[in-house]
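According to this note's numbering, the residues represented by the sequence shown are 51 to 627, in order.
Glycine included, each C-beta is placed from N, C-alpha and C at the ideal position.
Working notes, structure below.
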Amino acid sequence: MGKIRVLDEATINKIAAGEVIERPSSVVKELIENSLDAGATDIRIEVTKSGKNSIRVTDNGCGMSKEDAALSFVKHATSKISAIEDIETVITMGFRGEALSSISAVANVEIITKTKDELSGTKVIIHGGRLISIEETGAADGTSVLAEELFYNTPARKKYLKSDSTELAHIIDVVTRNSLGHNSISFSLSNNGKEILRAPASELRDTIIHIYGQEVARAMVPVNFESGPARVTGFVSKPEMVRGSLDFQSFFINDRNVSSRAISFALRDGYGTLIPKGRFPIAILKINVNVLEVDVNVHPTKNQVRLSHEREICDMVTRAVKSSLSGETLIPDVKIPGQQPLVYESIPQNPHLVRETDTGFRVPVKDTERRLRQSEKSGMIHENQNTEMPEVNILGQVDNLYIIAETKDGLMIIDQHAAHERVFFEKVRESKRDDSQELIVPVNLELDLREKALMKECIPYLEEFGFRISGFGPDAFAVTAVPFVLGRLEDPQLIHDIIADILSEGRIKDETGIFERVTKSIACRSAVKAGAECSQSQMESIVRQLFMTENPYTCPHGRPTMVSFNRQELDKLFKRS
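Written as C-alpha cells, this is what we have:
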C-alpha cells in the first residue's frame with residue numbers, strides 16, 4: 051500500500067485556516083475587511099475575553115441574500131472576482147473567498163444578514179465547517195458575524211494563544227489601523243462589554259485625536275503630494291514627536307493597509323538629519339497608484355503587496371515628506387515641569403526592525419560622564435580574578451563608536467556601547483532587585499490603547515526591579531520610583547525607553563528569561579551611547595571597567611565587545627613577509 055494519501059476535506063480546511071487565521075485579531079481583520087467591501091459606514095467590534103471566547107463584528111453594509119449567505123462559507127466562493135484576470139485590477143479588501151470559510155473551520159459561527167430590499171433577514175449557523183442550519187430571521191440592514199470558541203477543534207493552536215492582554219493589544223492594533231485608513235467610517239471596539247475605542251467618521255486629523263490623543267495630533271504635519279498618476283496624502287509628525295519603533299507608522303496603498311520596510315526607509319529619508327538615529331516618525335500615509343502597478347496576491351493575509359515601480363513610489367514618498375516638512379516651523383514647544391503633566395513618547399515595539407544611517411546628532415558630554423560615574427561607583431562590580439587587564443594604550447575613537455587601542459601584541463578595537471552595556475548588565479544582575487529611589491518629580495507615561503492593555507500585566511515584573519508604577523487618570527501611568535542602580539536620574543526619557551523595551555515583545559508572563567530581559571533592557575539604556583564622543587579619560591574608564599567584569603568578551607545580547615589583531619595578522623593585511 052502506498053504511503054501518500056489525499057487528506058480529507060475537514061483536515062484540508064483546518065490547514066488552510068491556519069494560513070489566514072492565526073489568532074483572534076486575524077478574525078477581526080478579516081471580518082472588518084468584509085464590512086468595508088460591503089460598503090458599511092458603521093462597524094462595531096465586540097469581543098469577550100480578548101476574542102478567545104467570542105468575536106462579533108456588526109456593520110450596516112449591503113447585507114446578503116439567503117442564497118449568497120449560504121454560499122459565503124464555501125471555500126473560494128466570492129463576489130469580488132470571477133476570473134484570474136480580475137485579480138490584476140481588484141480594488142476590494144478581500145477577493146479569495148477564504149475569510150468566512152477559514153473562520154468557520156476553526157470556530158462556531160453565526161451570521162445574521164439582511165439586504166435593504168428584503169423584509170426579513172437570514173441566519174446561518176456553522177460549527178467547525180459543518181452547516182447546522184439556515185433560516186429566516188428578523189434583522190436590521192447589514193451583517194452581523196459571531197465567531198465563538200475559536201480554535202476549539204484545534205487544541206494545539208488554542209494552547210499557543212498569548213495572554214488576554216496581548217491578544218487584546220493585537221485586536222486594538224487592527225482596529226486602530228483600519229480607523230486611520232478608513233476615517234470616513236465609524237469604528238467602535240469593546241471587550242467584555244466595556245468600550246475601549248470609538249472613532250466616529252471624521253477628518254483624518256480628528257481620527258488621529260481619537261486614536262493617539264491631542265498631543266500627537268498637534269504635532270502632525272499634513273502631506274499632499276502628486277507625481278504623475280500617483281498621489282501621497284496623510285500626516286507625518288514633526289521631528290519633536292518621534293518614537294522608538296515603526297509601530298506608529300501606518301501605510302495604505304489604494305486603501306489597503308500594508309507593511310513595507312521600503313516605504314519606512316523612504317519616510318525616514320524624508321527627514322534626513324532632522325531626527326536622531328534610532329528614532330522614527332509617526333506617520334499615516336495613503337498612497338494611491340494605478341491598480342495595475344500593485345500585486346495584492348502575494349501573501350495569505352494580504353498585508354504585503356508587490357509594487358512594479360517600488361523605487362519610484364518610494365522616491366515620491368521621500369519627496370512628499372521633505373516638501374511637507376519644509377513648509378512648517380519645526381521649532382519644538384518647550385513644556386515647563388509643574389505647569390502641566392509631563393508627556394513622553396508612547397511605548398516602542400520591536401525597535402530593531404530598521405537599521406538607520408548615521409545622523410548629525412551628538413550625545414552630550416555631560417550625559418556620557420554621568421553614565422560612567424554611575425557604573426564606576428564602588429560595589430557595583432567585583433573585580434574579575436580570571437581575566438587579566440591587558441596593557442593598553444588608547445589611541446583614539448572612530449566614528450564616536452569604536453575605541454582604538456594598542457596592546458603589547460598588536461591592535462584592539464572596542465565597541466564602547468557594547469562594552470559599557472556588559473558593565474551595567476553585571477551591575478544590575480548583582481544588585482538587589484527591590485532597591486528603589488524615589489523621583490522628585492514623577493514621570494507620567496501616556497500610552498496608546500494597545501500599550502495600556504499590556505502595561506497592567508507588566509507592572510509586577512517591573513516592581514521587582516525597583517520601579518514603582520501606579521495608574522494616573524484613565525489613560526496614563528505615573529512612575530514614582532526607579533531602580534537604585536540607575537543613579538541620579540537626569541533624563542526621565544530613560545525610564546520611558548526601559549519600559550518601552552519590556553513591552554516591545556508584547557507577551558509578559560512568568561516565563562524563563564523574563565528577568566534577564568528586564569536586566570538587559572536596563573543595561574542597554576543606561577550604557578554609554580553609540581555616537582557619544584569620549585575623552586581620553588572616558589575611553590580609559592570604559593576599558594578598565596570592562597575588564598573588571600566576569601565576561602568582558604560579549605555584550606548581554608551576545609555581540610562581541612572587542613576584536614584584536616596581533617602583529618602577524620597586521621603584517622598579513624599589508625602583505626609583509
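| Asked | Found |
| --- | --- |
| Using the rule of at least 16 other Cβ atoms within 10 Å of the residue's Cβ for burial, across every protein chain shown, is M462 buried or exposed? | buried |
| Determine the contact status of F237 and A219, defining contact as a CB-CB distance below 8 Å. | no |
| Is it true that the CB of I509 sits closer than 8 Å to the CB of P533? | no |
| Once the 5 residues before and after I313 are set aside, which same chain residues still bring their CB inside 7 Å of it? | F301, C364 and V367 |
| If you draw a straight line from the alpha carbon of I325 to that of Y210, how long is it in whole angstroms? | 39 Å |
| What residues in its chain sit with their C-beta under 6 Å from that of L623, if we drop five residues either side in the sequence? | none |
| Starting from the C-beta of E406, find all residues in its chain whose C-beta is less than 8 Å away, skip the five residues before and the five after it, and write them out in chain order. | For E406, the pLDDT reaches just 39, beneath the cut-off of 50, and the residue's location in the model is therefore unreliable, although a value from the coordinates is still provided. These residues qualify, in order along the chain: R318, K327 and G328. |
| Over the uninterrupted alpha helix (DSSP H) stretch that includes T226, give me the two end residues. | D214 to G231 |
| Taking the Cβ atom as the reference point for each residue, do P195 and I95 lie within a distance shorter than 8 Å? | Note that residue 195 corresponds to Val in the displayed sequence, not to Pro. Cβ atoms of V195 and I95: not closer than 8 Å. |
| So what's G179 in DSSP terms, helix, strand or just coil? | coil |
| Considering only the alpha carbon of each residue, which of K336, S100 and P331 lies closest to E217? | S100 |
| Assuming Q588 and V473 make a contact with CB atoms under 8 Å, what is their CB distance in whole Å? | About 13 Å; that fails the 8 Å criterion. |
| Just to confirm, does V308 get its C-beta within under 7 Å of one of the non-hydrogen atoms of the ligand HEM? | Questions concerning the ligand HEM fall outside what the structure shown contains, since it holds no ligand whatsoever. |
| For G147, count the other beta carbons within 10 Å of its own beta carbon; 16 or more makes it buried, fewer makes it exposed. Which is it? | Confidence at G147 is low in this model, with a pLDDT of 49, below 50, so its placement is unreliable and the value that follows should be read with caution. Buried is the call here. |
| Does DSSP put V384 in a helix, in a strand, or in coil? | Note that V384 scores a pLDDT of 46, beneath 50, so its modelled location is shaky and nothing firm can be said. |
| Among R617, C605, E566 and L451, which has the Cα closest to the Cα of A582? | L451 |
| For S238, which of helix, strand or coil comes out of DSSP? | strand |
| If we ignore side chains and look at the alpha-carbon of each, how far apart do P331 and E253 end up? | 21 Å |
| DSSP three-state label for T323, please. | coil |
| Check whether the Cβ atoms of F315 and G460 lie closer than 8 Å to each other. | no |
| Run the CB neighbour count on C605, radius 10 Å, all protein chains shown included, and call it buried at 16 or more, exposed below. | buried |
| List the DSSP bridge partners of F615. | L461 |
| Would you identify the three-state DSSP class for Y452, choosing helix, strand or coil? | strand |
| What separation, rounded to the nearest whole angstrom, lies between the Cα atoms of S396 and V266? | Note that S396 scores a pLDDT of 42, beneath 50, so its modelled location is shaky; the value from the coordinates is reported in the next line. Using only the alpha carbons, I get a separation of about 10 Å. |
| Between the C-alpha atoms of R518 and L504, what's the straight-line distance to the nearest angstrom? | 16 Å |
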